[in-house]
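Residue numbers (this note's numbering), protein chains in the order written: chain C, 74 to 163; chain S, 8 to 576. A short write-up of the structure that comes next.
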Amino acid sequence: MYQGRQMTLRQMNIGQTGTVVTILGGRGLMQRLEGLGIRPGKKVIKISSTLFRGPVTLRVDSTQVAVGFGMASKIVVELDKYLPGDTATR
Amino acid sequence: MTHILLVGNPNVGKSALFSRITGVRIVASNYPGTTVGFTKGYFKSGEEQVQVTDVPGTYTLEPTSKAEEVAVEMLKDGDMVINVIDATNLERNLNLTLQLLKRQIPVIVALNMWDDTRHRGINIDVARLEELLGVPIVPTVGVTGQGIKELVRRFPEASVPKTTYSGSNERWARIGDIVNQVQSLSHHHHTWYEHLEDACNDRIGGIFIALLVLSASFWFIRFVGEGIISYIAEPLFEWLWTPLLMKLSLALGSGGFWHNILIGKPINGQIDYSQSFGLLSTGFYIPLGAVLPYIISFYLVLGMLEDVGYLPRLAILMDTLMHKLGLHGYAIIPTILGFGCNVPGIMATRILESRRERFIAATLISIGIPCAALQAMIIGLVGQRGLQYVAMVYGSLFISWLIIGFILNHSVKGFSPEILVEIPPYRLPLLRVIAEKLWLRVSGFIKEALPVVLATVLVINILYALGIFNSIANAAAPVLTNLLGLPKETIVALVVGFLRKDVAIGMLAPLALTAKQLVISSTVLAMFFPCAATFVILARELGARDTLKAAGIMIAAALTMGGLQNLIL
Chain C
74 MYQGRQMTLR
84 QMNIGQTGTV
94 VTILGGRGLM
104 QRLEGLGIRP
114 GKKVIKISST
124 LFRGPVTLRV
134 DSTQVAVGFG
144 MASKIVVELD
154 KYLPGDTATR
Chain S
8 MTHILLVGNP
18 NVGKSALFSR
28 ITGVRIVASN
38 YPGTTVGFTK
48 GYFKSGEEQV
58 QVTDVPGTYT
68 LEPTSKAEEV
78 AVEMLKDGDM
88 VINVIDATNL
98 ERNLNLTLQL
108 LKRQIPVIVA
118 LNMWDDTRHR
128 GINIDVARLE
138 ELLGVPIVPT
148 VGVTGQGIKE
158 LVRRFPEASV
168 PKTTYSGSNE
178 RWARIGDIVN
188 QVQSLSHHHH
198 TWYEHLEDAC
208 NDRIGGIFIA
218 LLVLSASFWF
228 IRFVGEGIIS
238 YIAEPLFEWL
248 WTPLLMKLSL
258 ALGSGGFWHN
268 ILIGKPINGQ
278 IDYSQSFGLL
288 STGFYIPLGA
298 VLPYIISFYL
308 VLGMLEDVGY
318 LPRLAILMDT
328 LMHKLGLHGY
338 AIIPTILGFG
348 CNVPGIMATR
358 ILESRRERFI
368 AATLISIGIP
378 CAALQAMIIG
388 LVGQRGLQYV
398 AMVYGSLFIS
408 WLIIGFILNH
418 SVKGFSPEIL
428 VEIPPYRLPL
438 LRVIAEKLWL
448 RVSGFIKEAL
458 PVVLATVLVI
468 NILYALGIFN
478 SIANAAAPVL
488 TNLLGLPKET
498 IVALVVGFLR
508 KDVAIGMLAP
518 LALTAKQLVI
528 SSTVLAMFFP
538 CAATFVILAR
548 ELGARDTLKA
558 AGIMIAAALT
568 MGGLQNLIL
């Protein structure tokens, strides 16, 4: 059971879904992320990560967004309820 | 005169709508940040002339970057806003819409990319949305023109509704409420492009696809470029232009001042397009016979990559490398544009967030990125001696680009911000749209480059006739021969490089250089100094002080690289 477990976007596995809880950053970062639809309460799916600490891509609504590795460490996500045997859903 | 502004998030199709409304063709692509300046156009509404401005995309009216500040600033000059919305991203786009509705300016909404909502299983109740927002809403498809007439017909209905919310939390709550009422989603199947998107997202698959795309692009550019040269350009010059010039040559008495200027020196009694250097011979052949074919093939490939939506994906893969150069991955987009022409490449550095990044990116483009005209000439001239020599030129440029970027990253104060960018969905580009964009760029090249090339060839001939080049060559001889191992005559080409680099490479042709000397002179010419057009843009974008700094770096880097090549090769 992963219910209620919080981690950063960077730590999530590819294909995992969750809800943004908070953004550990200043107002500037919050505003930039908000413009792209990433804000507390939004459901996100981690789509990919890149080798060598490169950007992380996520999907929020129907948009794919790439965020730098450092930013991905500042986006805190609460993972969706996950039961063993479930397959990842998109 | 009424002034209408096209405002919306990046990559929602503002430029395509702009072209549809005004009939003014401008470059539109499938990546955020295509429009960095603003473009004005006009159309007639009844008796009245209306001005339309394509504003760079912005996510919010609380600006977070320079480009967004520009957009917000421009709102003050408008009489009406066409808010362009990506219908497949209603919630995020309405954030800007609600901010716009609070301003005292009439708004009409174009619900663009309407065709995409259907394949994505998104249903939007347009009438209900109109009621909730209190402004006219017209579904449109910018690339095909669907809904444009209706949009224009409803301009007079644009209005300032009473919108009440305070603060961003209340705004988001209201947006959530609107979206719930007007949008319903139904299941849709994965399209084949979505499968391709998944493959590109894969860590290893992405790198593999990038290598495949880049090598296929390079091969295609060369294949098409060489094909046009050998099957169209050369035969046309040989069968149509040469006989005309021969007649003119006879009429001018096969010699004398005018003959030298117009036709140039005969080589073995014939006109030689690469060596005669007359205004009508080499002056026409370089831009139209040698360079234009590569301009066509380069921009054909670039246009496809842009419209498919591949470039932002490449930016993600390049992010880690670009951070070593003080940039982030998105800087690859201005860099790739620079391979066509450095001028739009340097303009596009505006999509980068900080001044530091713009300085580094613009300097690196002008040193390490050869434009299509220069590349066409290098491939043509150096390639005659063997492709390994062409590879040496490209390799030297790439190494300089990396090393100078690395040094700048460690010496210019500040840090490089991280990438944060929307990845557009893959789209299958429409052939007509690709063709229009290609025509726009190719005709731009002919209009802008041809007169400069002709003027350059004219100036060269006059300076030769006056003997000025000899004194410059003698003065520069020590540096050229000792450091670079080049004959003193090559200085003439380097000087001409200030005007047009393609002509400058052309001037190396009659000098009978060795392969090594050709490699050195081509590399130095590419890095040494930007051409006049690039220099003007650098000065405008960076200011005088930083341009001088960049120019100093270029000269030092070119001499160092040329000197090293002379020692090693």
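Virtual Cβ for every residue (Gly too), placed ideally from N, Cα, C. Note that the structure is a prediction, hence the values are computed from the model and not measured.
Taking a C-beta distance under 9 Å as the contact criterion, S/L255 and S/L269 qualify as a contact pair.
Flagged as an interface residue toward chain S: C/Q104, by a C-beta distance shorter than 9 Å.
Taking C/F142 as the centre and dropping the five residues before and after it, the same chain places the C-beta of R126 closer than 6 Å to its C-beta, in chain order. Distances from the CA of S/I323 to each of S/R357, S/G141 and S/A217 were compared; the closest alpha carbon is that of S/A217.
Between the segment 352-372 of chain S and the segment 487-500 of chain S, the count of Cβ pairs shorter than 8 Å is below three; the stretches do not touch. Against chain C, the CB of S/P319 has a partner CB under 9 Å away; the residue lies at that interface.
Your pair S/A484 and S/F505 does not check out as a contact, with CB atoms roughly 19 Å apart and the cut at 8 Å. The residue from S/P377, S/M399, S/R362 and S/K156 with its alpha-carbon nearest to that of S/G421 is S/R362. The three-state reading of DSSP puts C/M80 in strand, counting E and B together. Taking 8 Å as the upper bound for CB-CB distance, C/V150 and C/G88 are not in contact here, some 13 Å apart.
The segment 308-319 of chain S makes contact with the segment 339-348 of chain S, as at least three CB pairs between them are under 8 Å.
For C/S121, the uninterrupted beta strand (DSSP E) segment begins and ends at K116 to S122.
Only those residues of the segment 401-429 of chain S whose C-beta falls short of 7 Å from the nearest C-beta of chain C are listed: E425, I426, L427, V428 and E429. For the pair S/M120 and S/L24, the Cα-to-Cα distance works out to about 11 Å.
Distance from the CA atom of S/F305 to the CA atom of S/P424, rounded to whole angstroms, is 31 Å. C/V94 counts as exposed, since fewer than 16 other beta carbons sit within 10 angstroms of its beta carbon. Residue-level contact check: S/T42 does not touch chain C, since none of the beta carbons of chain C fall below 9 Å from its beta carbon.
Leaving aside the five residues that flank S/I303 on each side, the residues in its chain whose CB is nearer than 8 Å to its CB run, in chain order, V231, G232, I235, L445 and V449.
Distance between S/Q58 and S/G48, taken at the CA atoms: about 6 Å. By the CB criterion at 9 Å, S/S22 and S/V34 fall inside the cutoff.
Judged by DSSP in its simplified three-state form, S/P146 adopts strand. Using beta-carbon distances, C/R83 does not count as an interface residue toward chain S, since no partner is under 9 Å. For C/L97, the nearest beta carbon of chain S is not closer than 9 Å to its own beta carbon. Just so you know, the alpha carbons of S/S224 and S/Q277 end up roughly 37 Å apart. Linking S/L192 to S/R439 through their CA atoms gives a straight-line distance of about 31 Å. Using a Cβ-Cβ cut-off of 9 Å, C/G143 counts as an interface residue toward chain S, since at least one Cβ of chain S sits closer than that to its own.
Taking 9 Å as the Cβ-Cβ cut-off, the segment 201-233 of chain S approaches chain C at E204, D205, C207, N208, D209, R210, I211, G213 and I214, given in chain order.
Looking at the DSSP output, S/K47 sits in a beta bridge with S/T60. The alpha-carbon of C/L97 is positioned some 22 Å away from that of S/R178.
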